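Each remark here refers to the structure printed beneath this line.
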Amino acid sequence: MSLPPKPTARAPRVSLWRHLRLFRTDILSAQPARLYRAWMAEFRTPFFRSVLVNDPALLRLILNERPRDFPKSERIGVGLRPLLGASVFLTNGAVWERQRRIIDPAFEGGKLRESFAAMRAAGKAAVARLAPLADGRAVEVEAQASHAAADVIFRTLFSIPIEHETARATFEAFHTHQRSQPLLNLAAFVKGPSWMPRLHSRETRRTARRIRALIAGLVTARAEAIATGKAPPDLATKIMTTPDPETGERFSPQEMVDQVAIFFLAGHETSASTLGWTLYLMATHPEVQDRAAVEAMAFSGEFSGLSKLKLIRDCTREALRLYPPVPMMVRETTRPERFRDRALGRGTQVVLSPWHLHRHERFWDSPDAFDPDRWSRAETKDSARRAFLPFSAGPRVCPGAGFAMAEAAVLLAALLARYRFEAVEGSVPVPVAHLTVRAKDGIRLRVWKR
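Residue numbers for the sequence shown, in my numbering: 417 to 866.
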């Protein structure tokens, strides 16, 4: 069995401008192979200095022990601001802390159980959409995964299915935006004043405005429903009615648009990436798929049955390891630091790369292989603890991590119980980093009814 696709590493030495061009086009193939075994690597340009960190002690320092000293870098943020505004994904300091105080209660305790019905409904709808295509023809499953994940987030956030006019329009605009927006733009390389042009494409700016206008309409309608006591008890209502426990203030309509935009990005785009790659990996490993299908067909359909989907959970973990939706996170030093006996000045960019960490030769046996059974072996526990960051870690860990894992299990169980997926000969997806790790030209699989 061949290894899952992985971008070819760039040559060990290239010119600065060649590297920057590769980095802007696709950050995954712009990396040298040595980063898959290095504890730390440094990169200098005339515009900034950066270090990529794989050392577990440094990762723990940055994410868990001193997170306030390493805020998110604005170099990444400016590329995403047309869509995400001042969402919790991009903010730092007191602003971020206030946002998390309002958002976190919606994901705590038994809140996951309340979203389970929406996940199940979206799973059934995904099964129904595939039915007329499941005759052995090649189906672009990444698009199907996007559709299903968007359905989950709209049902969970606003109690509307993807077929709702506004939901469908938002989904279509987001698909266009995702393809037009590289992860990095000019500001990632040249840090300048706020008035400096950021060179977002016309399509990026147009689709971002369209998405935010659609979200604003949903937020306005929900605010009116809340005021009249007619709002459903979904995620949007919970967040819009939750006051900051320290100030008593709630999100303004503009702030809520920012947060819904990141919920859609995090709750739809990352889940779609994970689902698409998991289906591909199962299709190319039919013996694993057959075992997972048995598990799926035995699923009770009840929330309590999620804990029995162990192989499906491990297949999802392995897909997240090989194809982490957010391949790199960038922090910034706020004071002089010393990493592995190397002095770093204030403003140094610190790259935390799940893409490299999850395939790191010092942590994982056969790091490029799809092996979901590794998660049940004792030797994997240490690597999972030290070198597995699909949802970040520490105070900035994704609040929806548990939601995402449950969603993946529900959707995969629904699909595998009804359909068998086969690889299309000669069709190998190429991983690239847009807003998340996607396949350059989609993922095509043959689908059969079981």
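No residue lacks a Cβ here, since even glycine has one placed at the ideal position from N, Cα and C. Owing to the predicted nature of the structure, the values given are computational and were not obtained by experimental measurement.
- Secondary-structure assignment with DSSP links Arg862 through a beta bridge to Ala554, Glu838.
- Scanning Trp693, Gly721, Ile519 for the CA closest to the CA of Asp660 turns up Ile519.
- Under the DSSP assignment, Gln675 falls in the alpha helix (DSSP H) whose first and last residues are 669-680.
- If the five residues before and after Asp551 are omitted, its C-beta is found closer than 6 Å to no C-beta atom of its own chain.
- Here Ile642 is not near Thr586, since their CB atoms are 9 Å or more apart.
- Closest option to Lys527, judged by alpha-carbon separation, among Arg733, Ala822, Pro448: Ala822.
- Residue range 527-546 is occupied by the alpha helix (DSSP H) that includes Phe532.
- Rounded to whole angstroms, the gap between the alpha carbons of Ala803 and Lys646 is 46 Å.
- Taking C-beta atoms as the reference points, Arg762 and Lys488 fail to come closer than 9 Å.
- Taking a contact to require three or more Cβ pairs closer than 8 Å, the segment 495-507 and the segment 675-686 qualify as touching.
- Residue state for Gln447 is assigned as coil, using DSSP reduced to three classes.
- With respect to Arg756, Trp455 sits close: the two C-beta atoms are nearer than 9 Å.
- At the C-beta level, Phe719 and Arg571 stay beyond 9 Å of one another.
- Your pair Ala544 and Val568 does not check out as a contact, with CB atoms roughly 15 Å apart and the cut at 8 Å.
- Of the candidates Pro521, His591, Thr663, Pro521 places its Cα closest to the Cα of Leu651.
- Contact between Ala632 and Val673 holds: their C-beta atoms lie close to 5 Å from each other, under 8 Å.
- Taken through DSSP and simplified to helix, strand or coil, Lys856 comes out as coil.
- Annotated three-state conformation of Pro806 is strand, per DSSP.
- Beta-carbon to beta-carbon, Leu419 and Asp857 are separated by about 19 Å, too far to satisfy the 8 Å threshold.
- Classified as exposed, Pro752 has fewer than 16 neighbouring CB atoms from the shown chains inside 10 Å of its CB.
- By the criterion of a C-beta distance shorter than 6 Å, Ala833 is surrounded in its chain by Ala712, Met713, once the five residues flanking it on both sides are discounted.
- Counting along the chain, Ala454 sits inside no beta strand (DSSP E), nor does DSSP assign it H or E at all.
- A direct Cα-Cα distance of roughly 40 Å separates Leu831 from Val766.
- Note that the segment 840-856 does not touch the segment 715-734; fewer than 3 beta-carbon pairs, one per stretch, sit closer than 8 Å.
- Short of 7 Å from the beta carbon of Leu727, and not among the five residues preceding or following it, lie these beta carbons of its own chain, in chain order: Arg707, Ala708, Glu711, Pro788.
- Counting C-beta pairs closer than 8 Å gives fewer than three between the segment 469-480 and the segment 725-743, which falls short of the contact rule.
- Spatial neighbours of Gly818 in its own chain (CB-CB distance under 6 Å, excluding positions within 5 residues in sequence) are listed in chain order as Leu528.
- Scanning His563, Ala829, Arg516 for the CA closest to the CA of Glu579 turns up His563.
- By the beta-carbon neighbour count (other beta carbons within 10 angstroms, threshold 16), Glu524 is exposed.
- If you ignore the 5 residues before and after Arg638, its C-beta comes within less than 8 Å of the C-beta of Phe574, Ala647, Ala652, Thr653, Met656, all in its own chain and listed in chain order.
- With fewer than 16 other beta carbons inside 10 angstroms of its own, Gly664 counts as exposed.
- Burial is judged here by how many other beta carbons sit within 10 angstroms of a residue's own beta carbon; Arg737 has at least 16 and is buried.
- Shown here, Phe587 sits in a helix according to DSSP, grouped into three states.
- For Val746, the three-state secondary structure derived from DSSP is strand.
- Contact between Pro423 and Leu444 is confirmed by a C-beta separation of about 4 Å, below the 8 Å threshold.
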